[in-house]
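Numbering (our numbering), first residue to last: 4 to 249.
Glycine residues also receive a C-beta, built at the ideal position from the N, C-alpha and C atoms.
Since this is a predicted model, take the numbers as computed values, not measurements.
See below for the structure under consideration.
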Amino acid sequence: MSSLPNASMPSPVSSSGMKSSAGTAMYPLHRCKTIHLVRHAQGVHNVEGEKDHSAYTSPSFFDAPITPLGWRQVDYLREHVKNCGLAEKIELVICSPLLRTMQTAVGVFGGESYTGGGGAPPLMVENAGQSERLAISSLNCPPFLAVENCRERLQGGHPCDKRRSIAEYRTIFPAIDFSLESIILLSIDKSICGPLQFNIVVYILTSWCIVVYIKSLSLQIENDEDVREAHKSVAARGMKFMDCYL
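Below, the structure written as structure tokens:
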């Protein structure tokens with residue numbers, strides 16, 4: 004039996020609560036989406052949090068930016084993405100609306116240094132988040148979309164997981180699309196999102212946003228701002244997010 008070229012075969016899925024599928028299915032590659040999940044570079048809160056976990060509750064780390072080491076990580080990944088040819092294939096970059104994730108996203112997948120030419124706004128302005136970095140161009144790169152459901156926790160006692168206003172972000176990242184930032188995808192479906200015609204997609208995430216298997220998808224967001232959002236609520240957002248964009 005000859006093999007089928009340019010096709011992928013998903014494996015049967017099984018778990019304690021699911022039966023194995025009856026068989027496998029073949030999908031042409033041109034009908035498949037390739038998704039790359041990228042965690043943000045090292046943030047200033049990570050440095051202190053590794054020394055003392057209680058540091059994550061410090062107000063000084065509100066919407067923490069990435070560190071100089073984090074920017075070196077960004078530069079390294081950018082070079083790798085360009086050298087392996089992936090940069091030319093990416094059609095959409097989706098990122099969490101947090102300073103560290105957007106810095107990572109535009110640093111890796113954005114254009115070259117911004118010169119003010121071409122009439123296009125920059126992806127990131129100079130010295131964003133006191134980074135001492137040059138402005139980044141929005142030319143010759145994929146579109147960038149900020150989506151709230153990429154965030155690790157929407158509520159809780161860690162200032163590093165809280166964000167600034169979108170009005171402020173728009174002054175720092177003028178070319179990022181924030182039109183979906185206030186939409187929680189648990190309340191919308193594909194008929195509202197519409198089919199997204201992108202095959203190579205990159206998600207820049209805060210950690211632990213996407214989970215492989217969860218037992219319950221019920222939404223439980225605490226009203227108390229000092230209580231962090233429940234893990235299964237985070238999982239539910241992640242699964243709904245993936246369902247909407249796949």
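Residue pairing by DSSP places Ser-116 opposite Ile-139 in a beta bridge.
In its chain, beyond the 5 residues on either side, Arg-81, Val-84, Ala-90, Ile-93, Val-96, Cys-144, Pro-145, Phe-147, Val-205 have a beta carbon closer than 8 Å to the beta carbon of Phe-112. Boundaries for Ile-175: no beta strand (DSSP E) harbours it, while the alpha helix (DSSP H) harbouring it runs 169-175, taken from the DSSP string. CA-to-CA, the gap between Ala-149 and Val-128 works out to about 17 Å. Distance between Asp-180 and Ser-57, taken at the CA atoms: about 34 Å. Counting only runs that start and end inside the stretch 47-125, the beta strand (DSSP E) elements of at least 3 residues fall at 95-98. Approximately 6 Å separates the beta-carbon atoms of Tyr-117 and Ile-139; this is inside 8 Å, confirming the contact.
Within the model, the alpha-carbon separation for Cys-163 versus Ser-99 is close to 13 Å. Just so you know, the alpha carbons of Ala-108 and His-234 end up roughly 25 Å apart. From the listed residues Thr-174, His-39, Ser-61, the smallest Cα separation to Gly-132 is found for Thr-174. In the DSSP secondary-structure assignment, Ala-149 is bridged to Cys-98. Shortest Cα-Cα distance from Asn-130 to any of Pro-68, Tyr-59, Leu-40, Asn-49 involves Pro-68. DSSP places Met-242 within a helical segment (H, G or I) once states are collapsed to three. Measuring C-alpha to C-alpha distances from Leu-137 to each of Ser-168, Cys-153, Gly-119 identifies Gly-119 as the nearest. Bridge pairing for Pro-162: absent [DSSP]. Approximately 5 Å separates the beta-carbon atoms of Thr-70 and Gln-45; this is inside 8 Å, confirming the contact.
No Cβ-Cβ contact shorter than 8 Å links Ser-141 with Trp-74. Glu-155 sits buried, since 16 or more C-beta atoms from the chains shown fall within 10 Å of its C-beta. In summary, Asp-246 is exposed, with fewer than 16 beta-carbon neighbours lying within 10 Å of its beta-carbon over all protein chains present. By the neighbour-count criterion, in which 16 or more other beta carbons inside 10 Å mark a residue as buried, Met-242 falls on the buried side. Of the candidates Ala-123, Pro-124, Cys-87, Arg-167, Arg-167 places its Cα closest to the Cα of Thr-104. With 16 or more other Cβ atoms inside 10 Å of its own Cβ, Cys-153 counts as buried.
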